[in-house]
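Okay, so the sequence shown: first residue is 13 according to my numbering, each after it adds one.
For each residue, glycine too, the CB sits at the ideal point set by N, CA and C.
Step one of this worksheet: look at the structure below.
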Amino acid sequence: MITINNTAYELDLAVIGGGAAGLAAAVAAGRELGDNAKTAVFDAQPRCGKKLLATGNGRCNLTNRSAKPSCYHSDDTQALTRAFSGVNVSDTLEFFETLGLICREEEEGRIYPSCGQASAVLDLLRLELARLRIAEVCGCRVEKIRRDTEGFVMSSPLGTIRASCVIIACGGRAAPNLGGVDWGYDLLTSLGHTSTRLNPSLCPVPVESPHLSSLKGIRAHAGAAICDGRGEIYSDRGEVQFGDKALSGIVMFQLSSAAANIRGEDLCVELDMLPERDGEEIVSLLTRRRTLLPHLTLENFLTGVFNKRVGMCILKQAGMTPLSRSVSELTDADIRRISSVIKRWRFSVSGRSPWNSAQVTSGGIRLAEFDGLTMQSRLCDGLFAAGEVLNVDGFCGGFNLQWAWSSGILAGRSAAAVLRSRKAHRQTENDIEQF
Ligand SMILES: Cc1cc2nc3c(=O)[nH]c(=O)nc-3n(C[C@H](O)[C@H](O)[C@H](O)COP(=O)(O)OP(=O)(O)OC[C@H]3O[C@@H](n4cnc5c(N)ncnc54)[C@H](O)[C@@H]3O)c2cc1C
């Protein structure tokens with residue numbers, strides 16, 4: 013068990029951060045080491061797993077059947093490939109099954125606990141920690157870390173922590189309301205690591221448009237593309253939610269992820285409000301409506317095709333004001349202009365989303381500075397990192413938690429292997445001395 017002499021924790025392994033990655037790492041290490049090892053998880057929050065509880069709207073979309081390196085952004089795809097070759101989706105599901113969690117698959121490969129509760133994922137991880145006699149030390153922020161000849165020395169409000177090996181799983185800057193902090197980057201950079209630029213990702217896209225305030229709260233099925241001066245960066249299809257000053261919904265989260273690292277004044281979102289039809293089909297549709305509905309005013313020309321307020325905004329965007337005019341007055345050129353707005357309704361991107369509305373951090377400590385198979389630092393022996401603190405982020409749909417599990421399990425197992433081999437080495441040295 014852990015020695016606590018009021019001023020020092022003397023540990024074999026310290027896991028800093030009790031989120032998804034840290035808890036998975038501690039369980040994986042504990043299973044390899046048995047309960048003779050002194051391991052503890054430190055978390056700054058009053059309880060571990062605060063963010064985990066909020067995932068998947070409280071249901072925890074814990075992985076995705078199709079998670080693979082190409083679903084992620086990172087500085088080192090090779091390391092990512094090595095990490096997924098070490099622990100993939102099947103290995104992760106098996107890991108959770110051994111904890112007692114049964115899962116089921118929903119649309120687009122998204123996997124959730126069958127019971128529909130994120131709290132079950134957290135409970136089972138914590139119950140396993142208890143079985144393995146791994147301490148959870150909550151309300152304890154690890155403030156500083158340094159290397160010495162014996163291992164690592166850390167300072168915290170509860171006193172000094174010494175450990176032979178350390179896993180840093182402090183998460184990222186996203187969602188500060190749920191415990192997102194910069195501290196993991198600070199700890200790792202103090203040990204010589206470097207970070208890329210951090211950007212909010214999986215968040216609404218702030219846009220400018222004179223029409224947005226009248227569309228607030230409306231949801232519409234649409235195609236959506238994010239573009240810059242050179243053309244389309246990424247496109248997807250799904251439900252778009254119109255907000256006061258932003259476009260939201262899962263499809264917008266995916267766009268924010270694809271463009272998180274792209275800077276530029278000329279970023280814009282283009283909505284295709286009838287993605288199932290091409291431009292010429294829409295021109296025919298509108299021409300037929302002009303013939304069928306000449307008695308209507310323009311205000312109602314698109315009623316029955318779109319939400320009425322959306323229809324009116326499309327007409328205004330196409331310059332059809334005043335909408336009190338008769339549908340019969342529409343010219344063929346007007347119809348082409350309306351069709352073109354329906355297919356490519358442009359919204360200029362007006363900046364970055366606040367960190368509070370981001371689900372993940374794009375960027376982080378460079379993955380290239382770690383061995384993808386072990387998650388051990390290439391710069392500092394005995395140091396491991398896992399989860400969002402590293403420069404790996406994925407699309408919405410279970411991919412980010414999968415990264416937390418894969419990297420966490422690898423870090424835990426590898427830290428255990430290092431501790432075991434050091435112990436064996438010490439034993440051999442003792443044997444030689446005694447001989
Ligand atoms: C609202 C929301 C919903 C989401 N839904 C999903 C989803 O359904 N599926 C999915 O795949 N992803 C989802 N994500 C993303 C996912 O939650 C994160 O990618 C994942 O939790 C990252 O795990 P982590 O362990 O690296 O970091 P975290 O879960 O953030 O855990 C890090 C922990 O470290 C602690 N800590 C930090 N610094 C220190 C320190 N110096 N000392 C002590 N403790 C420290 C923090 O208190 C925190 O508890 C969601 C995110 C949000 C915000």
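- Taking a contact as a CB-CB distance under 8 Å, the pair Ala37 and Ala398 counts as one, their CB atoms being some 5 Å apart.
- As a beta-bridge residue in DSSP terms, Arg158 pairs with Val165.
- Comparing C-alpha distances from Gly410 to each of Met285, Tyr84, Asn368, Trp195 shows the shortest one belongs to Tyr84.
- Using a 10 angstroms sphere on the CB of Ser225, the tally of other CB atoms stays under 16, which defines it as exposed.
- In the DSSP annotation of this structure, the continuous segment of the beta strand (DSSP E) that includes Arg231 starts and ends at 231-240.
- For Gly171, the enclosing beta strand (DSSP E) covers residues 171-180.
- Distance from the Cα of Arg321 is smallest, within the candidate group Arg231, Gly384, Thr201, for Arg231.
- Judged by the Cβ position, Cys83 fails to qualify as a neighbour of ligand 1 at the 7 Å threshold, every heavy atom of the ligand being at least this far.
- Out of Val361, Lys435, Leu227, the CA that lies nearest to the CA of Glu282 is found in Val361.
- Here Phe54 is bridged, per DSSP, to Ile28, Val149.
- Within the segment 25-109, the runs of alpha helix (DSSP H) that reach at least 4 residues and sit entirely inside it are, in chain order, 32-45, 62-66, 89-98.
- Nearest to Ala32 by C-alpha distance, out of Ile180, Tyr21, Ala91, is Ile180.
- Relative to ligand 1, the nearest heavy atom lies less than 7 Å away from the CB of Asp55.
- Secondary-structure assignment with DSSP links Cys280 through a beta bridge to Cys239, Ser360.
- Shown here, Val372 sits in a strand according to DSSP, grouped into three states.
- Secondary structure of Cys127 (DSSP, three-state): coil.
- With contacts defined as CB atoms closer than 8 Å, Gly121 and Ser78 qualify as a contacting pair.
- Residue nearest to Leu305 within the set Gln414, Arg337, Phe407 is Arg337 (criterion: CA-CA distance).
- When secondary structure is reduced to three states using DSSP, Asn273 falls in the coil class, being assigned neither helix nor strand.
- Secondary-structure assignment with DSSP links Asn211 through a beta bridge to Ser374.
- Residue state for Gly323 is assigned as helix, using DSSP reduced to three classes.
- Residues of the same chain with a CB within less than 6 Å of the CB of Phe396, apart from the 5 flanking positions on each side, are Ile179, Met387, Gln388, Ala423, Ala427 in chain order.
- In this structure, Ala272 has its beta carbon at no less than 7 Å from each heavy atom of ligand 1.
- Bridge partners of Gln414 according to DSSP: none are assigned.
- Under the 8 Å Cβ criterion, the segment 66-75 counts as touching the segment 128-146, having at least three qualifying pairs.
- Take Phe407, set aside five residues on each side of it, and the residues of its chain with a beta-carbon closer than 7 Å to its own are Cys83, Gln266, Ser269, in chain order.
- Secondary-structure assignment with DSSP links Gly406 through a beta bridge to Tyr84.
- Taking C-beta atoms as the reference points, Val401 and Gly204 fail to come closer than 8 Å.
- Fewer than three beta-carbon pairs drawn from the segment 325-336 and the segment 288-297 are found closer than 8 Å, and the two stretches are therefore not classed as touching.
- Counted as a single uninterrupted DSSP element, the stretch harbouring Ala380 is not any beta strand (DSSP E), since DSSP gives it neither H nor E.
- With a cutoff of 7 Å, Glu381 does not count as near ligand 1, since its C-beta is closer than that to no heavy atom of the ligand.
- A direct Cα-Cα distance of roughly 23 Å separates Ser247 from Val317.
- When Cβ pairs closer than 8 Å are counted between the two stretches, the segment 146-157 is seen to touch the segment 51-61, the count reaching three or more.
- Counting other Cβ atoms within 10 Å of its Cβ, Asn368 stays below 16 and is therefore classed as exposed.
- In the same chain as Glu381, and ignoring 5 residues on each side of it, the C-beta atoms closer than 8 Å to its own belong to His205, Thr206, Ser389, Arg390, Leu391, in chain order.
- A straight-line Cα-Cα distance of about 10 Å links Pro58 and Gly191.
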